[in-house]
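Everything below concerns the one structure shown next.
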Amino acid sequence: MTTFALDPKLEADTFTIAESECNLLLLMNDVRYPWCILVPKRANTQEIYQLPRAEQIQLLTESSLLAETLMDEFILDKMNIGALGNVVSQLHIHHVGRTTTDDAWPNPVWGHSAAKAYSVKQKTETTRQIAHPHLTELFNFR
């Protein structure tokens with residue numbers, strides 16, 4: 035059996051801020067957008083259908099609660115959710131909070147411009163906002 039390991043590109047571009055029974059919750063290191071990524075803790079998994087049914091349901095539950103929390107806490111206009119996998123094949127689901135005044139609106143955030151890294155203070159505050167009671171029931175925040 036292969037042990038789960040986070041893809042090096044995801045590890046380099048994000049902070050792991052929480053963990054549930056089935057998934058890691060990552061924060062993209064780009065202060066311009068409330069941008070989280072859910073990563074199922076399953077080795078050799080590229081697509082949602084490859085997860086056991088119970089883990090698919092758990093992933094959808096966590097994704098929905100994460101999206102709701104981000105929308106409410108950051109007062110967003112749109113939540114972009116997607117599992118692209120073109121650059122990183124490991125299954126991961128982006129949750130990108132958008133406002134009509136953000137740097138890339140209305141275009142995709144990918145390839146728009148270089149990321150603006152979080153300061154320690156900004157990362158701490160953003161993580162605190164994300165650690166809403168909806169999510170602390172499912173995730174252990176770091």
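Here the sequence shown is numbered in my numbering, starting from 35 and rising by one per residue.
Each residue gets a CB set at the ideal place from its N, CA and C atoms; glycine is no exception.
Within this structure, are the beta carbons of residue i and residue j separated by less than 8 Å?
i: Gln-163; j: Phe-108; result: yes
i: Phe-38; j: Ala-88; result: no
i: Ala-101; j: Ile-115; result: yes
i: Thr-50; j: Arg-132; result: no
i: Cys-56; j: Gln-92; result: yes
i: Thr-161; j: Leu-61; result: yes
Just curious, the alpha helix (DSSP H) that residue i is in, first and last residue?
i: Val-154; result: 154–164
i: Pro-167; result: 167–170
i: Leu-44; result: 42–47
Kindly indicate if chain B contains any beta-carbon less than 8 Å away from that of residue i.
i: Pro-74; result: Considering every chain present, this structure includes no chain B. It has just one protein chain.
Assuming residue i and residue j are in contact, meaning their beta carbons sit under 8 Å apart, how far apart are those beta carbons, in whole angstroms?
i: Ala-149; j: Asn-63; result: 6 Å
i: His-129; j: Met-113; result: 6 Å
i: Leu-172; j: Ser-54; result: 5 Å
i: Ile-71; j: Thr-103; result: About 14 Å separates the two Cβ atoms, so there is no contact after all.
i: Ala-52; j: Asn-174; result: 6 Å
Grab the span of the beta strand (DSSP E) containing residue i for me, first residue to last.
i: Leu-58; result: 57–62
i: Ile-91; result: Ile-91 -> not in any beta strand (DSSP E); alpha helix (DSSP H) instead, spanning 87–108.
i: Asn-114; result: 112–116
i: Ile-82; result: Segment: none, Ile-82 is in no beta strand (DSSP E) and carries neither H nor E.
i: Asn-69; result: The sequence shown places Trp at residue 69, rather than the Asn named in the question. Segment 69–74, the beta strand (DSSP E) holding Trp-69.
i: Val-130; result: 127–132
Out of the options, state which residue places its alpha-carbon closest to the alpha-carbon of residue i.
i: Thr-95; options: Glu-81, Lys-43, Pro-74 and Thr-50; result: Pro-74
i: Leu-59; options: Pro-140, Val-143, Leu-44 and Tyr-83; result: Leu-44
i: Gln-124; options: Pro-167, Ile-82 and His-168; result: Ile-82
i: Thr-158; options: Val-65, Ala-46 and Leu-40; result: Val-65
i: Pro-68; options: Cys-56, Val-143 and Gln-80; result: Val-143
i: Leu-40; options: Thr-170, His-168, Val-122 and Thr-134; result: Val-122
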